[in-house]
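Notes to accompany the following structure.
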Amino acid sequence: MPSSCRIAIVGGGLAGLAAANALHTFGIEPEVFEQAPALGEIGAAVNTSPQAVKALRAAGVGDEIAAVGYTSPGIYTRNMLTGEYLEFNDRFKAAERYGAPYYSFHRADLIDALASRLDRAKIHLGHRLTGLEERSDRTVLAFENGARVEAEYVIAADGVRSVVRQALYGDDNPTYTGQMVWRALLDARDVPEEIIAPTGHVQWVGPGRHFIAYYIRDRKLVNIVTQEDTDKWVEEGWSTRGDPDEMRASFPNSEPHLARLLAIVKECSKWGLFTRPLTRNWGRDRIELIGDAAHAMVPNAGQGACQAFEDAYILARWLDACPDPAEAFANFRRIRIPRVHGVQRLSLSNARFKHMRDASAQKDAITTGTGSVHGNSHWVWGYDPVADWDKEPDVPTAYAA
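Numbering follows our numbering, in which position 108 of the sequence shown is assigned residue number 142; successive positions increment by one, without gaps.
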């Protein structure tokens, strides 16, 4: 006999747990179904900009995230080959301007913070979705462990390889971008402070690639994440083991500080970046997709998780406001899709600028204010999901459809 629930959230990662918290804030108690045997998230770090912090605060986890988030002074960008200063993005001024901080987290800490306020009895682990059946008044979810759940409404937060998306839209698979990522996590005691001076959050940009290193966990760890254009196929996956020597070879002729940092790396992982064309296929009727399941994006604006957190809060607001959840889902898509598509375009644009092969043209654009490694982020960070959850979003012409 299948079990039943009113709202099922498929996926217990960042998007799913944020949605569960936001719904709880409005008196809606969903059931969460997560494929992993324990809550947690592999991978090293995640960044959350001011507007996403506002969404999480409104979802009731402000104190929890503040306890585990690290606030850096901002990103100091250098030329990868010469070490020359290019640009500084002041996060303290941004926090003052936008009314919320910019946090960097260890993913595991953020997952724990999001889970801490939830009823663990409503989080069902070891539930890998294998298929679903849409009916007129419910959706039947089938899991690998043999469980069947009849849910009146479904929120799909099951990531870039979403089983729910596959069930709704067939072979709508994300495609390889021709870019790959290296990641490493270092004990901060092994990293001389001058390497990532002056802010403890340094980005190096160069032809066809960039490299970022920054403190997390109250300066106890240094997170490294890179991105490079490549003609080689690289499989997707957080935990694909990498070769540190191959990682170092990916950044030839690096300036001395970066070369010293690369020399410290003893373990690393790598994976390919996958995305999908901008699509309005975010769900239908009784099913709504959020986060990467709806809008996987390249990470060049630091907005992948942030847009999921906006999704979570704004969807909860619509579900609270509309007697008919299907109507709430439709309104959510109407409000969210234009903004998220704009953010996806910003991310793609930032990657192209960071990876410019003409360093002098890149520097000139930054100096004259016609370009930035961060693009135009004011409209992203300055958005207030709490005040403007039901308003048509403002998207600059450069990033609009």
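Cβ coordinates follow ideal geometry from the N, Cα and C atoms, glycine included.
- Within the DSSP secondary-structure output, Q213 pairs in a beta bridge with D263.
- Contact between A190 and I324 holds: CB atoms are separated by about 7 Å, below the 8 Å threshold.
- In summary, T260 is buried, with 16 or more beta-carbon neighbours lying within 10 Å of its beta-carbon over all protein chains present.
- The continuous alpha helix (DSSP H) containing G338 extends over residues G338 to A355.
- Here G46 is not near L90, since their CB atoms are 8 Å or more apart.
- In the DSSP assignment, I109 falls within the unbroken beta strand (DSSP E) covering G108 to N113.
- By the 16-neighbour rule on beta-carbons within 10 angstroms, P357 is exposed.
- A direct Cα-to-Cα measurement between G276 and P71 gives close to 25 Å.
- For R253 and A185, the gap between their C-alpha atoms comes out near 43 Å.
- Separation of the CB atoms of F387 and V407 is rounded to 6 Å, and the pair is thereby assigned contact status at 8 Å.
- Under DSSP, H389 takes part in no beta bridge, so it has no partner.
- Shortest Cα-Cα distance from I321 to any of A330, G133, H158 and E361 involves E361.
- The residue from S411, D398 and L295 with its alpha-carbon nearest to that of Q337 is S411.
- Residue burial is scored here from C-beta neighbours: A328 has at least 16 other C-beta atoms within 10 angstroms and is therefore classed as buried.
- Its chain contains N410 and W413 as the residues whose beta carbon lies nearer than 7 Å to that of P430, once the 5 sequence neighbours on both sides are disregarded; these appear in chain order.
- Between F126 and A79 a beta carbon distance of about 19 Å is seen, past the 8 Å cut, so the two are scored as non-contacting.
- The Cβ atoms of L148 and M214 lie no closer than 8 Å to each other.
- When secondary structure is reduced to three states using DSSP, R310 falls in the coil class, being assigned neither helix nor strand.
- With contacts defined as CB atoms closer than 8 Å, V87 and P135 qualify as a contacting pair.
- For G103, no alpha helix (DSSP H) encloses it, and the DSSP letter there is neither H nor E.
- When C-alpha distances from S381 are compared across F122, V332 and A100, the shortest belongs to V332.
- The DSSP-derived three-state label of H408 is coil.
- Taking the CA atoms as reference points, P290 sits about 34 Å from R379.
- R318 is the residue among D124, I369 and R318 whose C-alpha sits nearest the C-alpha of S170.
- In the three-state scheme derived from DSSP, where H, G and I count as helix and E and B as strand, H235 is classed as strand.
- In this structure, the beta-carbon distance from Y132 to Q85 falls below 8 Å.
- Apart from the 5 residues on each side of it in sequence, G376 sits with its Cβ closer than 7 Å to the Cβ of V429, Y433 and A434 in its chain, given in chain order.
- A straight line joining the alpha-carbon of V197 with that of T309 spans about 16 Å.
- Taking a contact as a CB-CB distance under 8 Å, the pair A49 and A421 does not count as one, their CB atoms being some 22 Å apart.
- Under a 10 Å Cβ-count criterion, T82 is classified as buried, with 16 or more other Cβ atoms of the shown protein chains found around its own Cβ.
- Here the alpha carbon of F122 sits roughly 12 Å from the alpha carbon of N113.
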